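For reference, the structure discussed in these notes is given below.
Protein chains: 2
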Amino acid sequence: MPFKLVIIGSGAAVPTLQRGVTSQYLNFNERRILIDCGEGTQLQLRKYGVRFQRLQYIFISHLHGDHFLGIFGLLASMNLLGRTQKLIIFGPDGLEKMIRFQFELTKVTLDFELEFQTIHCKTKTLIFEDRVLEIFAFPLKHRIECYGFLFKEKPKERNIDKDQIEKYAISLAEIWAVKNGSDLERDGKIIPNDQLTLPPAHLLSYAFCTDTRYYEKAAGWIKGADLLYHEATFSEKQLDRAKATHHSTAAQAAALAKKAEVRHLLIGHFSARFTSTAELKAEASAVFENTTCVEDGDEFVL
Amino acid sequence: MPFKLVIIGSGAAVPTLQRGVTSQYLNFNERRILIDCGEGTQLQLRKYGVRFQRLQYIFISHLHGDHFLGIFGLLASMNLLGRTQKLIIFGPDGLEKMIRFQFELTKVTLDFELEFQTIHCKTKTLIFEDRVLEIFAFPLKHRIECYGFLFKEKPKERNIDKDQIEKYAISLAEIWAVKNGSDLERDGKIIPNDQLTLPPAHLLSYAFCTDTRYYEKAAGWIKGADLLYHEATFSEKQLDRAKATHHSTAAQAAALAKKAEVRHLLIGHFSARFTSTAELKAEASAVFENTTCVEDGDEFVL
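Here it is, written out as structure tokens:
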């Protein structure tokens, strides 16, 4: 599976019977990632069929309760249910201290390794990479330190053109060199690499931006992402409230998507005042057509 | 309403789609009390129609995650939704520190007063009383410091016998004195108080015992309670597991109820291995007939 995103919780501030608080599950090239972990996330994961013992990484955007309070119970349940596999948690300063303090006070000893990576950056910064994935954090504009994330496929090798293998009788050793960028020599003549190879497949990317007020700089950092999740806590009718609380309106989320030239915008983190998302959808779509209001349990596959 | 108990969560250790983790709502003579507050309690309260802003007291039995992790989110939601009324939290040492530490790190300032009462006792101890209610804590036998609670109506005034008012032409001032225990004098003769009054109505009491292994001493402390909630994490088939984890079997819960001569036993805190409670019900009822296995949302009115 190259890319599957599951919306685990799509509400703001307070969990309701309609929406859990923020959490998303991302399977990106078999890297199993949880983004944010509001209260009740472990139960929502069960509800939507995500096996939490298989999670490898957790990314926490900021330390407001509706984005991280579920992590204590999730870790406790992982432990109780016999986890031994290492887990890596990325989050702002304070998260590790809080988790370790709680385990200490409640006399919990984990049977699996927990690694913390504290995020602290003032611009877009690479915080993780492996063979297939790069993950960047970048600052958002909220009331407290808060980070957005960009999950991106790593540049792949160019694919060799099979017709050219035949035409030039390219050997196995040469194929390997060509895939890695070398040109080919035949009869004293150089055949350049881009005549022998095809461009690599499109590199998928997903940007996660919550919580934040409209912050144009972020558009540059996520330019051209295939999918952007951006918070839309309010509609333009509550613009004052959005400003005061450092949140975005649906129109602002759409403006950011447009500016960033993303392909598809998901909006969520809706205030509990909205029992229907029709108004938010209309408001955002007027600015950026390809907008979806998410619901808990929604899946997006790229 | 003299007494209403709502089971908010009845499962052990890990919340499942069938059962939340431990929490109960008790309205006892209009005192609105939450007992334990596992993760997800705020949402379960919504689900079962309990208005959490009206809670006045929270009692936390012990600091295992499935009994208290929901308190952070509950307090945050109370604050976000505009609470100004004072809240009093009773719990073991460490709870206050953990809550204050978390608010400090996440820069939350509460707009309502939070009072902490740390419980620490080695025998049955009065921890709260007002005009109508007495609440006792007593130690249980678990892996960590853990308390049971006894909620009890306060001894009431005796009721004056209306026939006697007429017979002796008792004045208003005399009625007040008689209700408070005085005898009456008529023609130089003393009419004793118990000839003028009727015994007060039965004093309701509710005992909450979780988590604990079978602990006979507790039976003395809750003697004759109208209602006892006792944990029954396991059946006798998992007796070894119960011993190792300091939990009770259904038969042990029933034995405690029998020993304590309570009227009605509720069992809960069932391990997630039980998809049906039939076995636990049969096991307990064989020892103590008036046993009910609770489900989330169950209400008990006395």
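Chain order of the listed sequences is D and Y.
Once you know that position 294 of the first sequence is 294 in our numbering, the rest is easy, because the numbers rise by one and skip nothing.
Once you know that position 89 of the second sequence is 1089 in our numbering, the rest is easy, because the numbers rise by one and skip nothing.
Ideal Cβ positions, reconstructed from N, Cα and C, are used throughout, including at glycine.
Here the structure is a predicted model, which means the values were calculated and not measured.
Neighbours of PRO1015 of chain Y across chain D, judged by C-beta separation under 9 Å: GLY40, GLN42, LEU43, ARG46, GLY73, SER77.
One thing to note: GLY1020 of chain Y has its Cβ within 8 Å of the Cβ of ASP1296 of chain Y. Here HIS120 of chain D is exposed. Its C-beta has fewer than 16 other C-beta atoms within 10 Å. For HIS67 of chain D, the uninterrupted alpha helix (DSSP H) segment begins and ends at 65-68. Judged by beta-carbon spacing, HIS1247 of chain Y lies within the 8 Å limit of ARG1213 of chain Y, meaning their Cβ atoms are closer than that value. For the segment 95-119 of chain D, the residues whose beta carbon sits under 8 Å from a beta carbon of chain Y are, in order, LYS97, MET98, PHE101, GLN102, LEU105, THR106, LYS107, VAL108.
Residues are counted here when their Cβ sits less than 7 Å from a Cβ of chain Y; for the segment 125-159 of chain D these are ILE144, given in chain order. By the rule that beta-carbons nearer than 8 Å mark a contact, HIS64 of chain D touches chain Y. Membership of THR291 of chain D in the beta strand (DSSP E) is indicated by the continuous run 291-293. Within its own chain, the residues whose Cβ lies closer than 7 Å to the Cβ of ALA260 of chain D, once the five positions on either side in sequence are excluded, are ALA219, ILE222, LYS223, ALA225, LEU228, listed in chain order. Burial is judged here by how many other beta carbons sit within 10 angstroms of a residue's own beta carbon; SER1171 of chain Y has fewer than 16 and is exposed. Under the three-state reduction of DSSP output, PHE138 of chain D falls in the strand class. Along the length of the segment 9-44 of chain D, whole alpha helix (DSSP H) runs at least 4 residues long do not occur.
Short of 6 Å from the beta carbon of LEU87 of chain D, and not among the five residues preceding or following it, lie these beta carbons of its own chain, in chain order: LEU114. DSSP assignment within the segment 212-294 of chain D yields the following whole beta strand (DSSP E) runs of 3 residues or more, N-terminal first: 227-231, 264-268, 291-293. Per DSSP, the unbroken beta strand (DSSP E) holding SER1205 of chain Y starts and ends at 1205-1209. Boundaries of the alpha helix (DSSP H) around PHE1101 of chain Y: 1095-1105.
Three or more Cβ pairs drawn from the segment 201-211 of chain D and the segment 145-153 of chain D lie within less than 8 Å of each other, which places the two stretches in contact. Between HIS1062 of chain Y and the set Y:LYS1107, Y:ARG1046, Y:THR1022, Y:PHE1003, the nearest pair of CA atoms involves Y:THR1022.
SER1235 of chain Y is classed as buried because its beta carbon has at least 16 other beta carbons within 10 Å across all chains shown.
Rounded to whole angstroms, TYR57 of chain D and SER182 of chain D show a C-alpha spacing of 36 Å. Here DSSP, grouped into helix, strand and coil, assigns TYR1048 of chain Y to coil. Per the coordinates, the alpha-carbon of LEU1074 of chain Y lies some 14 Å from the alpha-carbon of GLY1065 of chain Y. Straight through space, the alpha carbons of GLY91 of chain D and THR1292 of chain Y are spaced by roughly 45 Å.
Assignment of ASN79 of chain D by DSSP, reduced to helix, strand and coil, places it in the helix class. When DSSP reads this structure, HIS62 of chain D sits in a beta bridge with D:CYS146. Taking the C-beta atoms as reference points, ALA13 of chain D is found no nearer than 8 Å to LEU1034 of chain Y. Neighbours of GLY70 of chain D in chain Y, taken as residues whose beta carbon is under 8 Å from its own, are GLU1039 in chain order. Neighbours of LEU1034 of chain Y across chain D, judged by C-beta separation under 9 Å, do not exist; the nearest C-beta is about 16 Å away. Taking CB atoms only, LEU204 of chain D has no neighbour in chain Y less than 8 Å away.
The beta carbon of LEU5 of chain D does not come within 8 Å of any beta carbon belonging to chain Y, so the residue lies off that interface. Comparing alpha carbon positions, the residue from Y:THR1016, Y:LEU1280, Y:LYS1122 closest to ARG46 of chain D is Y:THR1016. Interface annotation, LEU80 of chain D: in contact with chain Y, CB-CB separation under 8 Å. Sequence-distant Cβ neighbours of LYS1179 of chain Y in its own chain, meaning closer than 6 Å and more than five residues away, are GLU1157, ILE1160. Under the DSSP assignment, GLN117 of chain D falls in the beta strand (DSSP E) whose first and last residues are 114-119.
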